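All remarks here apply to the structure that follows.
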Amino acid sequence: DKLQKVLKILDQIDVALLEEDDPTSRTNSSTSFVSKRVQSLVEELGNTFSAEEISTLKFYEVLLPSLLGPVVEKRLQLWNPMVDNTNVTESLIQSTLAVASRKESQDDTLECIA
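Under our numbering, the residues of the sequence shown are numbered 5 to 118, in order.
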């Protein structure tokens, strides 16, 4: 059941990124929307697992970077901070901070359990 949910979320991330790849629909607002959508899907992915599973799977250290590495690399290749609307830059930074904050929160939870 969890594996199916993970696969479904990964498919949704792929679909969001394919929509962003369409040059006819790529605008600053669509890029911002895609970033927010991917961020919410990452959160949903993290919520799929218990705190113990996240620790065992090394979710934030290994699994998530492996899954999102290509996405981040692509986003950075497209990023042009001197030309893009500031919303794009803000969205990129907020997405990164949200994932980092979630990991920090998870670490605090695991310390309380131990």
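All residues carry an ideal CB built from backbone N, CA and C; glycine is no exception.
All figures in this text were calculated on a predicted structure; none of them were measured in a lab.
If you draw a straight line from the alpha carbon of residue i to that of residue j, how long is it in whole angstroms?
i: E94; j: E77; result: 17 Å
i: G50; j: V103; result: 10 Å
i: N89; j: D5; result: 40 Å
i: Q81; j: V87; result: 13 Å
i: V19; j: L101; result: 23 Å
Would you mind reading off the limits of the alpha helix (DSSP H) that contains residue i?
i: V76; result: 68–82
i: T60; result: 55–61
Taking the Cβ atom as the reference point for each residue, do residue i and residue j lie within a distance shorter than 9 Å?
i: L21; j: V46; result: no
i: V98; j: S39; result: A quick correction: the sequence has Gln, not Val, at residue 98. Yes; because the gap between Cβ atoms is below 9 Å, this pair is in contact.
i: I17; j: V66; result: no
i: K9; j: T52; result: yes
Can you tell me which of the options puts its alpha carbon nearest to the alpha carbon of residue i?
i: S70; options: K9, L14, P85; result: L14
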